[in-house]
Amino acid sequence: MIAVNGKTKVFAVLGDPIEHSLSPAMYNAAFKALGMDCIYIALKVGKNQLAEAVQGLKALGIQGGNVTMPLKKEIIPYLDELTKEAQLIGAVNTFYWKEGRLWGDNTDGLGFYLALQEREPNLVKTEGILLLGAGSAARAVAVALALAGKKNFTIVNRNSENAKDLAVLLESLGANARVTNWEDERLKEIFAENVLLINATPLGMFPQEKESLPVEEKWFSKGQIVVDLIYQPRETVFLQKAKARGCHTYNGLPMLLAQGMLAFEKWSGRKAPKEVMSNELERWA
-1 MIAVNGKTKV
9 FAVLGDPIEH
19 SLSPAMYNAA
29 FKALGMDCIY
39 IALKVGKNQL
49 AEAVQGLKAL
59 GIQGGNVTMP
69 LKKEIIPYLD
79 ELTKEAQLIG
89 AVNTFYWKEG
99 RLWGDNTDGL
109 GFYLALQERE
119 PNLVKTEGIL
129 LLGAGSAARA
139 VAVALALAGK
149 KNFTIVNRNS
159 ENAKDLAVLL
169 ESLGANARVT
179 NWEDERLKEI
189 FAENVLLINA
199 TPLGMFPQEK
209 ESLPVEEKWF
219 SKGQIVVDLI
229 YQPRETVFLQ
239 KAKARGCHTY
249 NGLPMLLAQG
259 MLAFEKWSGR
269 KAPKEVMSNE
279 LERWA
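Using the numbering used here, read the sequence shown as starting at -1 and increasing by one per residue.
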């Protein structure tokens, strides 16, 4: 039990639903390990309460924290400043104070890149990225990869407008991006042409684990790097198919940890205790 007193600094995550959030467990374990007089709480905030909630953060002296669905885009007008990453992605997952101004940042993309690079040292040389999805998570991952120098992207998405918007963004960062959809007869060939395959859609997430992307096992090739941003369940049907074909497969837990560490360091000013935070995620996820 965390001992709270009049000097305890408060951090929070905002979203709705919020009951499932792993952030309080992860961050409170980090505070305890570092001996910090801080507490991290989950606050249920809907879109129609957001303006008042941000004013409340400022009035109550909340020191920083995180933002989850459905507020990652909606919170932007209520912040004072945005980092370059948050501007490019068009979504925020972290907020913190700097020189009296409330800043918004997005650590999802960099968290993804750092976590994957740690597991795949040759990622620096990898070209040919297939991105399934074009929402906020996909944008975060794509921006991070483009900023890291990746040049060739293929985006598969049901909504062509979202995919085209993401392609334009990637091209503005010096990358080449082509757009297609799930009706494309060349999907098998498109899968084979790419080295890094990323599912950035919610298909296959608990409690609808049996819902899966319309992907056939034979589309995967041995040695491909296949990532599913989902971490509940640990191994989606998408990853099971890739694993059966000899691919290097990863779920979303490493990214969750890495983005969480980056956020912690932003708003606490302390180096994140990686092992403690990782153990807590493994315990609850």
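C-beta: ideal position from N, C-alpha, C; glycine also.
Computed from a prediction, not measured in an experiment: that's the story for all the values here.
Nearest-angstrom Cα separation, counted from residue j out to residue i
i      : j      : result
Phe151 : Ala175 : 5 angstroms
Leu114 : Ser21  : 21 angstroms
Gly13  : Lys42  : 5 angstroms
Pro271 : Thr105 : 17 angstroms
Pro252 : Asn197 : 15 angstroms
Ile223 : Ala140 : 15 angstroms
Ala173 : Lys264 : 28 angstroms
Gly250 : Gly98  : 34 angstroms
Pro15  : Gly258 : 19 angstroms
Arg232 : Ala242 : 16 angstroms
Ala57  : Ala135 : 31 angstroms
Gly33  : Ala27  : 10 angstroms
Glu273 : Phe9   : 21 angstroms
Ile188 : Pro68  : 32 angstroms
Glu214 : Thr199 : 17 angstroms
Asp163 : Lys7   : 40 angstroms
Cys36  : Gly126 : 43 angstroms
Gln238 : Gly54  : 45 angstroms
Val52  : Val154 : 35 angstroms
Tyr248 : Leu254 : 12 angstroms
Buried versus exposed call for residue i [16 or more other C-beta atoms within 10 Å across all chains shown]
i      : result
Lys70  : buried
Gly107 : buried
Ser170 : exposed
Phe93  : buried
Val166 : exposed
Glu278 : buried
Glu209 : exposed
Ala1   : exposed
Glu83  : buried
Asp103 : buried
Phe236 : buried
Arg156 : exposed
Counterpart residues of residue i in DSSP-defined beta bridges
i      : result
Thr92  : Asn64 and Asp103
Lys7   : Cys36
Asp226 : Asn197
Closest by C-alpha distance to residue i, when choosing among the options
i      : options                           : result
Ser201 : Pro119, Gly133, Phe262 and Ala256 : Per the sequence shown, the amino acid found at residue 201 is Leu instead of Ser. Nearest C-alpha to Leu201: Gly133.
Ser266 : Ile16, Tyr25 and Glu125           : Tyr25
Ala89  : Leu112, Glu181, Asn64 and Gly98   : Asn64
Glu159 : Leu145, Asp35 and Thr178          : Thr178
Val11  : Ala1, Gln61 and Leu32             : Gln61
Lys123 : Val193, Phe204, Leu32 and Met67   : Val193
Ala49  : Ala138, Tyr76 and Asn155          : Tyr76
Gly147 : Phe218, Lys220, His246 and Tyr111 : Tyr111
Arg137 : Ile39, Leu227 and Ala51           : Leu227
I'd like the ranges of any alpha helix (DSSP H) spanning at least 4 consecutive residues and lying wholly in the region 156 to 183.
158 to 170
Ignoring anything shorter than 4 residues or poking outside the region 241 to 266, list the alpha helix (DSSP H) runs there in chain order.
251 to 266
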